[in-house]
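So for the sequence shown, our numbering puts the first residue at 845; every next one is plus one.
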Amino acid sequence: MDKLLADAGMGTRSQVKELLRRGFVTVDGAVCKKGEQKVSGQERICCQGQAVEYARYRYYMLHKPQGVVTATRDAREKTVLDLLKGVHTADLSPVGRLDKDTEGLLLLTNDGELAHRLLSPKYHVDKCYLARTARPVEAEALAVLEQGVDIGDDKPTLPAVAKVNEQGELLLTIREGRYHQVKRMLRAVDNEVLYLKRLSFGSLVLPEDLEAGAFRALTEEEQERLRHDISG
Ligand code: URA
């Protein structure tokens, strides 16, 4: 609570603690005196009778570096939330997951509905990955990856788009997000992923100047485009 009030511009952490102590803050109509009170971000919060304007839904893009786990908490490993320095992370979740050794674009939000839809196979949100592979991916393998391949699940993968760039790296665009999907698809064509990076997620593209480990809030336009991605 004290962090939320400070983030919303109500004062410094100690000033907002004083406002709380004096009973000036209400949560859904009830006085709240505790700075450490957990808030989900959905409540109506008032300070000295004025509604506190804070964004109900928050969206961040992170350039996840290798070596960090996509989880909200972990007893031993550094998590993606640990990288969102200075952000109120209690209600944020990653949208989908990237493996510990995968880097690239990861969206984090407290908008559960949007996250759910972005991950739903129903909306077919494209994710583009760049993979360096143990062996060159030949035309025949590209065709197999594109058509759909048996990776040991009950169904083959959905049609994808597969290309090799001038550096011999694979650019694979898939619409699903099955566990270790890209690595398993490459294994199914007798290859192996050595390095994996997610370049895009729906209409969101990893900016070239967003370094590994860095993050930023989505712009209004990016949020709008994401909503558009799942409106069909
Ligand atoms: N596919 C994988 O195999 N790993 C990832 O992290 C993402 C997609």
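Built from N, CA and C at the ideal position, the CB exists for glycine as well.
Could you compute how far the alpha carbon of isoleucine 889 sits from the alpha carbon of valine 869? Roughly 7 Å separates the two Cα atoms.
Beta-carbon proximity check, proline 942 vs arginine 1028, cutoff 8 Å: Residue identity check: residue 942 is leucine in the sequence provided, not proline. Between leucine 942 and arginine 1028, the CB-CB gap reaches or exceeds 8 Å.
Taking the C-alpha atoms as reference points, what is the distance between arginine 1031 and glutamine 910? A direct Cα-Cα distance of roughly 21 Å separates arginine 1031 from glutamine 910.
Going by alpha carbons, who is nearest to aspartate 1073 out of Ile1018, Leu1050, Leu849, Tyr967? The shortest C-alpha separation from aspartate 1073 is found at Tyr967.
Any non-hydrogen atom of ligand 1 closer than 7 Å to aspartate 943 Cβ: Answer for aspartate 943: yes, Cβ within range of ligand 1.
For histidine 907, list the residues DSSP reports as bridge partners. Bridge partners of histidine 907: Leu949.
Just verifying my parser: in three-state terms, what is the DSSP assignment at tyrosine 1096? An answer regarding residue 1096 cannot be provided, because it is not within the stretch 845 to 1076 covered by the chain.
Taking all protein chains shown into account, do 16 or more other C-beta atoms lie within 10 angstroms of the C-beta of glutamate 947, making it buried, or fewer, making it exposed? A residue is called buried when at least 16 other Cβ atoms come within 10 angstroms of its Cβ; glutamate 947 meets this threshold and is buried.
Are the CB atoms of tyrosine 898 and threonine 953 nearer to each other than 8 Å? It is not a contact, given that the beta carbons lie outside the stated cut-off.
Take methionine 854 and list the residues in its own chain whose beta-carbon comes closer than 7 Å to its own, dropping the five residues that flank it on each side. Excluding its 5 nearest sequence neighbours in each direction, methionine 854 has C-beta neighbours in its own chain below 7 Å: Val860, Leu863, Cys891, Val896, listed in chain order.
Between the region 1037-1052 and the region 922-934, are three or more C-beta pairs nearer than 8 Å? Contact fails: fewer than three Cβ-Cβ distances are below 8 Å.
Check for me: the beta strand (DSSP E) holding alanine 959 runs from which residue to which? Boundaries around alanine 959 are those of the alpha helix (DSSP H), 956-963, since no beta strand (DSSP E) includes it.
How long is the line joining the alpha carbons of alanine 983 and leucine 1014, rounded to whole angstroms? Roughly 11 Å between the two C-alpha positions.
Answer yes if the region 985-998 comes into contact with the region 1051-1071, meaning at least three C-beta pairs across the two stretches below 8 Å, and no otherwise. Contact annotation: the region 1051-1071 does not touch the region 985-998, with fewer than three C-beta pairs closer than 8 Å.
Coarse secondary structure for serine 1044, derived from DSSP in three states: Correct three-state label for serine 1044: strand.
Beta-bridge pairing of cysteine 891 - partner residues as DSSP gives them: Looking at the DSSP output, cysteine 891 sits in a beta bridge with Val869, Gln894.
Report the CB separation of arginine 1071 from leucine 950 in whole angstroms; it is logged as a contact under 8 Å. A Cβ-Cβ distance of about 19 Å is found for the pair arginine 1071 and leucine 950, leaving them out of contact under the 8 Å criterion.
Alpha carbon to alpha carbon, how far is lysine 878 from lysine 847? Here the C-alpha atom of lysine 878 lies approximately 11 Å from the C-alpha atom of lysine 847.
Just tell me which of Ala874, Leu962, Gly873 has its CA closest to the CA of glycine 940. Closest by alpha carbon: Leu962.
Within the same chain, show all residues whose beta-carbon is closer than 6 Å to that of lysine 944, passing over the 5 residues directly before and after it, in chain order. The beta carbon of lysine 944 sits closer than 6 Å to those of Val913, all from its chain and outside the five residues before and after it, given in chain order.
Would threonine 916 and leucine 925 be called neighbours here (beta carbons separated by less than 8 Å)? Pairing threonine 916 with leucine 925 gives a Cβ-Cβ distance under 8 Å.
Beta-carbon gap between alanine 975 and valine 1033 smaller than 8 Å: No Cβ-Cβ contact shorter than 8 Å links alanine 975 with valine 1033.
When every heavy atom of ligand 1 is checked, does at least one fall within less than 7 Å of the C-beta of threonine 946? Yes, since a heavy atom of ligand 1 falls inside the 7 Å radius drawn around the Cβ of threonine 946.
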